[in-house]
Amino acid sequence: MSETAPDVEPWRRRLREVMTSHSQLVRELLLEGGGIERKAGPPSPLTFMRNHVAKSLPVLYTGAVDHWPALRRWDHSYLRRQAGKLQVHVALTPDGFADAVVTNRKGERVFAKPCETSMAFENFLDAIAQPRVDETGRRRRPVLYVSHQNSSLVAEFEPLWPDVGLELPWATEAFGAAPQAANFWMGEDAAVTTTHADLFDNLYVVIRGEKHFLLFPPQDAHALGYLPFPSATYHRTADGLGIPGIQGLQAVRGVHEVQETRGIQGAQ
């Protein structure tokens with residue numbers, strides 16, 4: 001006598017309803033105003049830890065680094081004089097999307113990592129000053145992003161140290177330790193970091209321009225469509241950047257598509 005497999009769809013539907021209700025409840029309790037707090041900084045270590053770190057709530061502080069010379073000095077001319085000859089890591093992508101799920105020329109969906117290269121910082125500055133597309137909309141060059149993460153400010157940009165702080169004293173006191181990494185990132189408006197989760201608390205300081213964040217609360221993780229994809233890396237081709245064949249490459253997990261959910265949007 002054969003047994004009929006149980007219908008699990010009603011349970012899945014109920015589980016989604018419960019998790020959605022939980023997400024909404026947590027958001028209402030923790031984010032009463034519906035957005036990210038904007039405060040004059042710097043904060044006291046106790047206030048920062050109690051109101052934000054302990055609750056895993058984002059915050060935007062204004063004026064927290066007004067004493068940094070970088071705010072007055074940094075433009076392309078100054079950076080070229082101080083750091084132009086340095087060899088730095090640069091990430092290249094055709095469209096600005098690094099660590100993203102894309103379709104290669106064979107029609108295969110892969111998790112594509114950027115092409116990483118080393119170049120003189122002045123060459124990077126020259127490159128991003130050039131148009132990305134021509135009059136017909138044809139792509140002339142890849143999107144460049146100085147975004148190396150292995151404490152690149154310390155490892156690659158020593159001439160810029162006098163202009164900034166390698167740590168924020170109030171944050172160091174709050175966390176009870178100096179930062180494990182201090183990075184220097186510089187890109188153009190087309191550079192996008194796709195959906196991901198960081199294992200550490202992050203503090204971003206914007207010296208010039210803007211950085212936009214789309215933040216998802218932890219309780220909304222169930223709404224992100226995680227699927228396994230083969231891993232690939234962009235490489236240089238005769239006509240730009242392409243993705244090589246994916247056979248035998250390690251499968252990684254990426255966000256294929258975001259289901260209906262409410263993100264918390266903020267900008268620095």
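Here the sequence shown is numbered in the numbering used here, starting from 1 and rising by one per residue.
No residue lacks a Cβ here, since even glycine has one placed at the ideal position from N, Cα and C.
Presumed contact (8 Å Cβ cut-off) between residue i and residue j, rounded CB distance
i: Phe48; j: Thr194; result: Contact doesn't hold; Cβ gap of about 28 Å is too wide.
i: Arg73; j: Asp163; result: 6 Å
i: Val154; j: Trp185; result: Contact doesn't hold; Cβ gap of about 13 Å is too wide.
i: Val88; j: Phe124; result: 7 Å
Through-space distance from residue j to residue i, alpha-carbon basis
i: Arg38; j: Val59; result: 6 Å
i: Ala120; j: Asn202; result: 28 Å
i: Gly165; j: Arg208; result: 16 Å
i: Asn183; j: Leu160; result: 12 Å
i: Val133; j: Thr237; result: 18 Å
i: Val53; j: Thr136; result: 49 Å
i: Ser21; j: Glu122; result: 52 Å
i: Pro218; j: Ser56; result: 9 Å
i: Val206; j: Ser151; result: 17 Å
i: Leu199; j: Ala181; result: 13 Å
As assigned by DSSP and simplified to three states, the class of residue i
i: Arg208; result: coil
i: Val154; result: helix
i: Gln87; result: strand
i: Val116; result: Reading off the sequence shown, one finds Glu at residue 116, where the question assumed Val. Reduced to three states, the DSSP call for Glu116 is strand.
i: Phe229; result: strand
i: His52; result: helix
i: Tyr234; result: coil
i: Ala171; result: helix
i: Val192; result: strand
i: Leu203; result: coil
i: Glu108; result: coil
i: Ala129; result: coil
i: Arg80; result: helix
i: Leu60; result: strand
i: Phe97; result: strand
i: Phe184; result: coil
i: Arg16; result: helix
Proximity of residue i and residue j at Cβ, strictly below 8 Å
i: Phe229; j: Arg109; result: yes
i: Ala100; j: Val143; result: no
i: Asp220; j: Ser23; result: yes
i: Val90; j: Thr117; result: yes
i: Cys115; j: Tyr234; result: yes
i: Met19; j: His196; result: no
i: Pro94; j: Arg50; result: no
i: Glu158; j: His148; result: no
i: Gly41; j: Ala64; result: yes
i: Glu167; j: Pro179; result: yes
i: Ala127; j: Arg141; result: yes
i: Ala83; j: Ala232; result: no
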